[in-house]
Amino acid sequence: MHGSSAPIDTLLHVADLHFWKVVANPLRLFNKRFLGNLNVWLRRGRSFPMSEAALFVEALAATSANQLLLTGDFTSTSLDEEFLLARRFVDALNGSGFALNLMPGNHDVYTFEARRNHRFERHFAPYVPQEGYPALRRLAGGTPLLLVPTVCPNWVSSKGRITRQEAEQVKRLLDGLPPVVIVAGHYPLLEKTHGYELTRERRLRNADALRQVLGESGRTILYVAGHVHRFSYTRDPVYPNLSHLSTGAFFHINRREHIRGEFARICVLADGFEVHRHTLSESWSDLEVPPEAL
Ligand SMILES: [Fe+2]
Ligand SMILES: [Fe+2]
């Protein structure tokens, strides 16, 4: 569709690492974390094979792209122990020569206490933008990458939030940018695609305000998110300049599709994007995926 010209930039998208640690001390189980622990326990078993993680780094390196976007949910319940595992992994990526762009997911501000103590910002200090979010980055080829804040702690639900002021800030930042832009947030903006459906408790509050800002920006935008743990690449049904990518969880075991890990490779071209989905079954393979209409 775009011919065979070399991409201006190539960006790998890694979503929802969800490093976990089950806490056995009941004194630490007094809040929302209790539910989180139960989930982790049921879904994940007891330990994470870190040796596996090294193989995943190799798979990213094998693409020969060296720019990486991580859209959050590094941890499962925002425990220091989980952040330490995640930080070790992120440092390994950094040490492998990747330029890193990252933001927190809702699981990284899982409790009000974790938010209050800025646990994400402390553990990822060298990687967090000094100006906070939204943050504007430039990829090596000049493509703007806008990192948008969408997370907040909740008592029970997994809702996200973008404020009106933050949406306004994004609008102002977009105004000065060239025609092709990548925007990234933890939460997807569409409630439902062919790949996922967000229940009310897992949605982004005010998503339509951000979507409108992107849709009316006059820029060709790929909005990249995680959170849903499902791959989908969708044309916005209202704004023809906007498309939406959600990438499945990096270490996700998806029995329905017979895969045990995935990431996406985004090629930026002069007039738009090409998206490749990389999946691990027996070995890694990748497929260029065209955007779907809703
Ligand atoms: Fe997640
Ligand atoms: Fe999430």
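Per this note's numbering, the sequence shown starts with residue -1, numbered consecutively.
Even glycine gets a Cβ: it sits at the ideal position worked out from N, Cα and C.
Query, Result
"In this structure, what does DSSP give as the bridge partners for Leu10?", "Leu66 and Arg263"
"Can you name the start and end residues of the alpha helix (DSSP H) that Arg275 belongs to?", "Premise fails: Arg275 lies in the beta strand (DSSP E), Gly270 to Leu278, not in any alpha helix (DSSP H)."
"When the Cβ atoms of the region 163 to 172 are set against those of the region 189 to 199, are three or more pairs found closer than 8 Å?", "no"
"Does any heavy atom of ligand 2 sit closer than 7 Å to the C-beta of Gly183?", "no"
"Whether or not the region 215 to 224 and the region 276 to 284 are in contact is what I'm after, with contact meaning three or more pairs of Cβ atoms, one per stretch, closer than 8 Å; do they touch?", "no"
"Does the distance from the C-beta atom of Gly158 to that of Arg114 stay below 8 Å?", "no"
"Between the C-alpha atoms of Phe17 and Gln163, what's the straight-line distance to the nearest angstrom?", "32 Å"
"Bridge partners of Lys190, per DSSP?", "Glu195"
"For the region 134 to 146 and the region 4 to 17, state whether three or more C-beta atom pairs, one from each stretch, are separated by less than 8 Å.", "yes"
"Anyone know if the C-beta pair for Leu15 and Phe248 falls short of 8 Å?", "yes"
"With 8 Å as the threshold, decide whether the Cβ of Glu166 is near any Cβ in chain B.", "Of the protein chains in the structure, only one exists, and it is not chain B."
"Which residues bound the alpha helix (DSSP H) around Asn104?", "From DSSP, Asn104 is part of no alpha helix (DSSP H); its letter is neither H nor E."
"So, at 7 Å on beta carbons, what are the nonlocal neighbours of His227 in its own chain, with the 5 sequence-adjacent residues on each side left out?", "Asp14, Gly246, Ala247 and His250"
"Have a look at Val179, Asp173, Glu199 and Leu175 and flag the residue whose alpha-carbon is nearest the alpha-carbon of Tyr185.", "Glu199"
"Who are the Cβ neighbours of Ile257 in its own chain at under 7 Å, not counting the five residues just before and after it?", "Thr277, Leu278 and Ser279"
"Nearer than 7 Å: is that true of the beta carbon of Asp106 relative to any heavy atom of ligand 1?", "no"
"For the candidate residues Val236, Trp282 and Thr232, whose alpha-carbon lies nearest to that of Pro288?", "Thr232"
"Terminal residues of the continuous alpha helix (DSSP H) containing Leu172?", "Arg162 to Asp173"
"Taking the alpha carbon of Pro102 as the reference point, which residue from Ala51, Ile180, Tyr131 and Ala262 has its own alpha carbon closest?", "Tyr131"
"Starting from Gly183, follow its DSSP beta bridges and name the residues at the other end.", "Note: Gly183 sits in no beta bridge, so no partner."
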